[in-house]
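Chemist:
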Amino acid sequence: MQSQKNYENMLKWVEQKALKLGADAIRSVLNVNSGFSMSQRNDSIEKMEESIQSSLRVEIFKDNRYSYHSTNDLNQDRLESFLDKAVSMTSYLEKDEARRLPDPALYPVSMPEVDLDLVDPTLSSMTIERKKKLLNRLVQSAYAKNSQLISVTGEFWNGHSHVYGRASNGFSGTEEKTYVGMSVEVSMNEPGGRKPEDWKSVNARHFDDLWDPEEIAAEAVKRVEQKLGAEKITSGIKTMIVENTAVARLLYPIIGALTGKSLYQKRSFLDGMMDHQVGSDLLTLRNDPFIPRGLGSRYFDEEGIRAQKRTLFDKGILKNYFIDSYYGNKLGMDPTSGSFSNLILNPGSLSPEELIKNVSEGIYVTQFIGGNSNSNTGDFSYGVMGHEIRDGKLVRPVTEMNISGNYLELMKSLHAVGNDPYIFSSFRMPTLVFKNVNFAGK
Amino acid sequence: MKKITRRDFIKTGTAGIILAGMPLTLSNCLKRPGSAAPKNLGEYFSFFGVDEEIIRKTLETALSEGGDYADLFFEYSTGNSVVMENNTVNRAYIESSLGMGVRVLKGDKTGYSFTEEISPEKMQSVARTAAKIAGSPGQKEIKPLKERELPDYYPIITRWEDVSIKKRIQMLEFVNNEMLKRDTQIQATQLNFTDNERLILIATSEGVLAGDYQPMTRFNASCVAEAKGRRENNGFNLSARQDINWYTRDKLMYLAREAVKRTVALFDAVPAPAGEMPVVLAAGSAGILLHEAIGHGMEADFNRKGISIFSDRMNKKVAEPFVSIVDDGTNLNIRGSINVDDEGIPGQKTYLVENGILRSYMHDRISAQYYGLNPTGNGRRESFKYPPQPRMRNTYMLNGPHTFEEIIHNTSHGIYADQFLNGEVHIGAGDFTFYVKSGYMIENGKLTRPVKDINIIGNGPDVLSKITMVANDLKLAEGGWTCGKGGQSVPVSQGIPTCKVSSITVGGKNI
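Residue numbers (the working numbering), protein chains in the order written: chain A, 331 to 772; chain B, 4 to 514.
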């Protein structure tokens, strides 16, 4: 593997070459990633994969024209011809005044400003033998919890990635991250032929932040056991509690509606809502790039814009969109960043168990399956799985149900927030409770 | 980052993956083929800069630790994506990727590694990494390499790399103008033209040697319209293993017309009802039901492991006798067709259900070996970065005894579902969903008011048994569908004649 210096020099060379070939400006990003993964099914290793990969992405700006090119072939001779074609092709596109590199004042001043602790130095020396032992513990402890499981597949993975970024108006940055994770999938037989499945997956920047294999296995087994005998129940308007692991999937379209791209394309149900009360006062959502070891933590974004904390919704009031420099120019708005880092929803004080206890009739949703939403109107419809709640207790597993509604109404119906932010995701969301949700079943 | 994905899904639309590529001149050891696709293996060899000797030595190393079987997969993919946003063609994405992967099997264990630099040294190195899975003494013999004769299910005249960007821009502008002409309510448009080419070469320790050139294109057109104080967006897309000549003026006008028509129609939609009711599936992309309700569950890896709801149902009745379902790699120029799969097995047509009886799983090499059957040509992979898995190609239902009119007339109350965005399945429990972007209410045997944005959820075997009528108007999907499984995406298609499911749960509103 080449050294960091070599990669930085390669980007300098790419930049000089592209400018010489006629580009007005260029941004280039080189990504080098080494990865390993291994899975074990029941008693034996099923798969082992190992590799190193790299890719170069260049964005060419020429006479306000723009194109984007990527290759994994880093041979210098061929890169030269790659850049030549990239620059000459750009001339055929139409001019767009909004296409330019960000204002250099937005780039990081010095780097790094904070230590995000994104690299676990112990991972590179972890032996395959140790990984095999962890995997075996994972699989065997699932069977130890329940000998009726019909299949158990455990997986371990880890990797190391380096990103080198450079822009011709003064940005230069590198980012180094490790990742590591374990997961287990379990299946059971049920009378009638169904074979319900469930899984638990944990991933982090540092090995120490993962759960023990026994804990992961116990959670997966508990989840599948609780699914046994799931049935359809009648349609109705009920309270919905969404487990912290499932919240990201429900809230993702809200993040989509906050992007400059969807505003410019007139496809956002949050268009024109700045400073409006769009959610209940429990909805305080922040984008925080500076959480040590956070899965979404970063020093700068895809454009090199320095990371900053921002509040998206403050007590239900919309405060910030995700605006990159292109759509910022188009919309006449100041760029924030075009993408999220770690999303934090202000937690409440109650545990999931206490939240359930407070519901007389409702559904505890543990998984979403399929479904989609309408980005203009905010209408959504999703399949759900989970448990029926009666008088503060989970009474039976439910399946083959849909929810439908509208995001603008859903955000206002946020009724309670748990104290349990989910840490194995960049969506660090706690359990949420919504009132008056439309469920379709029997 | 890797993530567990038991969630197998399918999706369409502009949010798809951009696999685009720069027509690179690969000068040194790699020679770009001329205007024509490589015609024989010699041309594939020279393209990837390898010969039989290098291949043989790499396979030997791959089996040096006691592996039963090894294969090498060489791939070069390149493509272009040109975007027109709000009337300006102001963006192009170009991507190319080159590499080779080595897979070693020992029983049902897989060792895999790949390199992005195709040189004898790097190939040796990744072969040694992949070999480790076997971990036992012994060196299996490499059979003499023999070229596999392949059919051509996607004959084309013009290679995409010979098409200028100007031509692509002209098509975008033409469709955009046609859209704007059609309706004054249009507020914004977004068009995306994508094409790509994939060159693959497969060599196995059992002597199979096969090369294939796989073209693909997709044209997405979508728009936002405003009426009645609200905005709606929708679109349409066309995709096939085709060349530029496929995009006739009529086809481009059809694309523009459908994109606009489907958007404007949404303003008249009424809320769909909630609960169980009959659903009539329109001929065409509604084959998404088959992809989710039975397709994934019939992929043999899940059945070999006993974790699919179909694991115990082979040769049993799963549907009415007029229901036959196939997975087919041989349809001319269709998106999911393959001359050869990514393990070197020729494309073919596989009956999943024949006259209501479950007939065959979809196999890759590992599962075929496990069951002692011939592979069915379903071993596919996203790229050289992944080992193959059993995957679908074009999954569709054959024609049945009824007609469209009979089916509608026979339905007193229900939903007619005709445009779809995505679907998902849990293969063990058999629960699956698909999302209906638009359709109609059926009231008293007639199509009446439009409905939109509804998820439908059911259970695979239950829904198959409730297919009570099948018409004689089979149509394959026209759009670009992408299927995700185990973190890998592959292009697929699907189709169905108009058909009636007597009861399934519709995610509408409780009124």
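Ideal Cβ placement from N, Cα and C applies to all residues, glycine included.
Compile a chain-ordered list of the residues in the region 749-772 of chain A whose CB is closer than 9 Å to at least one CB of chain B.
Modeler: Listed in sequence order: Asn768, Phe769, Ala770, Gly771, Lys772.
Chemist: Looking at the unbroken alpha helix (DSSP H) that takes in Tyr374(B), where does it start and where does it end?
Modeler: Here the alpha helix (DSSP H) through Tyr374(B) covers 368-374.
Chemist: Taking the C-alpha atoms as reference points, what is the distance between Ile753(A) and Gly70(B)?
Modeler: For Ile753(A) and Gly70(B), the distance between alpha carbons rounds to 40 Å.
Chemist: Listed from N- to C-terminal order along the chain, which residues in the region 185-196 of chain B have their beta-carbon within a distance smaller than 8 Å of any beta-carbon of chain A?
Modeler: Listed in sequence order: Gln190, Ala191, Gln193.
Chemist: Mind checking who Pro453(B) pairs with in its DSSP beta bridge?
Modeler: DSSP output for Pro453(B) lists Tyr443(B) as bridge partner(s).
Chemist: Please classify Lys231(B) as buried or exposed, where buried requires at least 16 neighbouring CB atoms within 10 angstroms.
Modeler: Exposed, by the Cβ-count rule.
Chemist: For Asn462(B), go through chain A and note every residue whose CB falls closer than 7 Å to its CB, in chain order.
Modeler: Within 7 Å Cβ-Cβ: Glu730.
Chemist: In chain order, what residues of the same chain lie with their CB nearer than 8 Å to the CB of Met368(A), ignoring the 5 residues before and after it?
Modeler: Same-chain partners within the cutoff: Ile375, Lys377, Met378, Glu379, Ile458, Lys461, Lys462, Leu465, Glu485, Phe486, Trp487.
Chemist: Does DSSP classify Trp249(B) as helix, strand or coil?
Modeler: Of the three classes helix, strand and coil, the one that applies to Trp249(B) here is helix, per DSSP.
Chemist: Exposed or buried, which one is Ala435(A) when buried takes at least 16 other CB atoms within 10 Å?
Modeler: When all chains shown are included, Ala435(A) counts as exposed.
Chemist: Quick one: complete alpha helix (DSSP H) runs, 4+ long, within the region 575-627 of chain A?
Modeler: Taking only runs of at least 4 residues, the alpha helix (DSSP H) segments lying wholly in the region 575-627 of chain A are 590-594.
Chemist: Looking at C-alpha atoms only, which residue of Asn672(A), Ser734(A), Leu724(A) is the closest neighbour of Phe630(A)?
Modeler: Ranking Asn672(A), Ser734(A), Leu724(A) by Cα distance to Phe630(A) puts Asn672(A) first.
Chemist: Within the region 73-140 of chain B, note down every full beta strand (DSSP E) run reaching 3 residues or more, in order along the chain.
Modeler: Counting whole runs of 3 or more residues, the region 73-140 of chain B contains the beta strand (DSSP E) stretches 91-109, 112-118.
Chemist: Determine which residues of the region 109-126 of chain B have a Cβ less than 9 Å from any Cβ of chain A, and write them out in chain order.
Modeler: Listed by position, the residues of the region 109-126 of chain B near chain A (Cβ gap below 9 Å) are Gly110, Asp111, Lys112, Thr113, Gly114, Tyr115, Ser116, Phe117, Thr118, Glu119, Glu120.
Chemist: Can you tell me which of the three DSSP states Ser288(B) falls into?
Modeler: The answer is helix: DSSP assigns Ser288(B) an H, G or I state.
Chemist: Thinking C-alpha only, which one of Asp253(B), Arg338(B), Ser441(B), Leu108(B) is nearest Gly498(B)?
Modeler: Nearest of Asp253(B), Arg338(B), Ser441(B), Leu108(B) to Gly498(B), Cα basis: Arg338(B).
Chemist: By Cβ distance below 6 Å, which residues in the same chain neighbour Leu62(B) in space, the five residues on each side in sequence not counted?
Modeler: Excluding sequence neighbours, Leu62(B) sits near Ala73, Ile145, Ser208.
Chemist: Identify whether Pro158(B) lies in helix, strand or coil by the three-state DSSP scheme.
Modeler: Note: Pro158(B) maps to coil in three-state DSSP.
Chemist: Looking at chain A, is there any beta carbon in it that lies within less than 7 Å of the beta carbon of Met25(B)?
Modeler: Because the pLDDT of Met25(B) is 26, which lies under 50, any placement of that residue in the model is unreliable, and the question is left without a value.
Chemist: Once the 5 residues before and after Asn43(B) are set aside, which same chain residues still bring their CB inside 7 Å of it?
Modeler: Around Asn43(B): no qualifying Cβ.
Chemist: If you run the structure through DSSP and keep just helix, strand and coil, what is Gln556(A)?
Modeler: Residue state, collapsed to three classes: helix.
Chemist: Restricting to runs no shorter than 3 residues, where is the beta strand (DSSP E) found entirely within the region 489-523 of chain A?
Modeler: Here the runs fully enclosed are 501-517.
Chemist: Which of the three DSSP states is assigned to Arg260(B) in this structure?
Modeler: In the structure shown, Arg260(B) sits in a helix (DSSP, three-state: H, G or I).
Chemist: Within its chain, find whatever has a CB closer than 7 Å to the CB of Asp528(A); leave out the 5 residues flanking it on each side and keep chain order.
Modeler: Closer than 7 Å at Cβ, skipping near neighbours: Val516, Ala550, Arg553, Val554, Lys557.
Chemist: Bridge partners of Asn469(A), per DSSP?
Modeler: For the sequence presented, residue 469(A) should be read as Val rather than Asn. Its beta-bridge partners do not exist; DSSP assigns none.
Chemist: Does DSSP put Thr197(B) in a helix, in a strand, or in coil?
Modeler: Strand.
Chemist: Please work out which residues of its chain come closer than 7 Å, Cβ to Cβ, to Ser592(A), disregarding the five sequence neighbours upstream and downstream, and give them in chain order.
Modeler: Result list for Ser592(A): Gly586, Ser598, Ser705, in chain order.
Chemist: Taking C-beta pairs closer than 7 Å, name the residues in chain B that Ile567(A) reaches, listed in chain order.
Modeler: Those within 7 Å of Ile567(A) in chain B are Asn513.
Chemist: Are the beta-carbon atoms of Cys502(B) and Val493(B) separated by less than 7 Å?
Modeler: No, the Cβ-Cβ distance between Cys502(B) and Val493(B) is not below 7 Å.
Chemist: In the DSSP assignment, what residue or residues form a beta bridge with Ala534(A)?
Modeler: Paired residues: Val510(A).
Chemist: State the beta-bridge partners of Ala355(A) as determined by DSSP.
Modeler: DSSP lists Phe391(A) as partners of Ala355(A).
Chemist: Using a Cβ-Cβ cut-off of 7 Å (strictly less than) and excluding sequence neighbours within five positions of Ile457(B), which residues of its own chain qualify?
Modeler: Ala275, Val439, Val509, Gly510, Gly511.
Chemist: Against Met741(A), what residues of chain B qualify as contacts under a CB-to-CB distance less than 8 Å, listed in chain order?
Modeler: Here the premise fails: no neighbours, minimum Cβ distance about 18 Å.
Chemist: Can a CB atom of chain B be found closer than 7 Å to the CB of Asp414(A)?
Modeler: Answer no: the Cβ-Cβ gap between Asp414(A) and chain B never drops below 7 Å.
Chemist: Roughly how many angstroms separate the alpha carbons of Phe435(B) and Gly461(B), rounded to a whole number?
Modeler: Whole-angstrom Cα-Cα distance: 6 Å.
Chemist: Pairs of beta-carbons, one from the region 718-729 of chain A and one from the region 688-699 of chain A, closer than 8 Å: are there three or more?
Modeler: Yes: the two stretches touch, three or more of their Cβ pairs being nearer than 8 Å.
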